[in-house]
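My numbering numbers the first residue of the sequence shown as 10 and each following residue consecutively.
Where is the CB? At the ideal position from N, CA and C, for every residue including glycine.
What you are looking at is a predicted structure, and each value in this text was computed from that prediction instead of being measured.
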Amino acid sequence: METTVTPKEALRRLKAGNQRFLQGGHSLTALDLEKMRGELVSGQHPFAVVIACSDSRVPPSLIFDQDLGDLFVIRVAGNVVGPSQVASVEYAVDVLKSSLVVVVGHTGCGAIGAAVKAMLNPDLHYSPSMDMLMGRIGEAIEDDPAFSDAPSIDAKCTIAGRANVQHALGNLVSLSDIIGTAVSEGRLELIGAEYDMASGIVHWMR
Ligand SMILES: [Zn+2]
């Protein structure tokens, strides 16, 4: 059964997992999975939290090649962080003792593309709920000169995707005393990443 791992060890595991993914990932037999399920019935101790986009091409357990019970995954279009995501991370940190939170954006994100389009066309509206999501992504870039100066839509999307990850990381701390305290006490680290859909490589933002 998993015991609490350090933030450093958690990051090492994710990096190693992405390397395995690039080489085809490890495969499990039905017997392995049965044993794993049995061991996990009594509880979970996921070593990391991953906040990722809902995009079907970016499944965290696959791209980090992790098993049942390893990752506490929160998925929402555009990997944004609002109150529901904050509460989920608080549970993982406070109760499950996860030591690392990764916000992973990705290349070719439809939500980012739609948000960029909405930023450039103030009259453009989707549904009320989608507008709210676009607005959350928009907060990440509204005062960013790099975004307004970027010469093309593609360049704006790249900048917006990365700024959106940083904004999400900032929200985790600014919206939660539990998360902020865990970070300041060294029990928790937050890190941003970007998944390149073409290569399968996760690029870390530090
Ligand atoms: Zn996406």
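Cβ pair residue i, residue j closer than 8 Å
i              : j              : result
valine 58      : valine 110     : yes
threonine 15   : serine 138     : no
cysteine 62    : glycine 26     : no
alanine 191    : valine 102     : yes
leucine 20     : isoleucine 187 : no
glycine 117    : methionine 206 : yes
isoleucine 121 : glycine 209    : no
histidine 115  : aspartate 152  : no
Counted within 10 angstroms of its Cβ, other Cβ atoms place residue i as buried (16 or more) or exposed
i              : result
isoleucine 162 : exposed
leucine 142    : buried
valine 50      : exposed
proline 92     : exposed
lysine 165     : buried
proline 160    : exposed
arginine 46    : exposed
Supposed contact pair residue j and residue i - C-beta distance, whole angstroms, cut 8 Å
i           : j           : result
leucine 181 : valine 90   : 6 Å
valine 95   : leucine 184 : 5 Å
In DSSP terms, what residue i is bridged to
i             : result
glutamate 198 : Leu109
valine 58     : Phe81 and Val110
beta-carbon residue i near ligand 2 non-hydrogen atom, thresh 7 Å
i           : result
glycine 189 : Ligand 2 is not among the ligands present in this structure, which contains only ligand 1.
Inter-stretch contact at 8 Å, needing at least 3 Cβ pairs: the region 28-35 / the region 158-176: Taking 8 Å as the limit for Cβ pairs, the verdict is that the region 158-176 does not touch the region 28-35.
At least three beta-carbon pairs within less than 8 Å, the region 73-83 to the region 161-170: Under the 8 Å Cβ criterion, the region 73-83 does not count as touching the region 161-170, having fewer than three qualifying pairs.
Stretch pair the region 144-163 + the region 113-129: three plus CB contacts closer than 8 Å: yes
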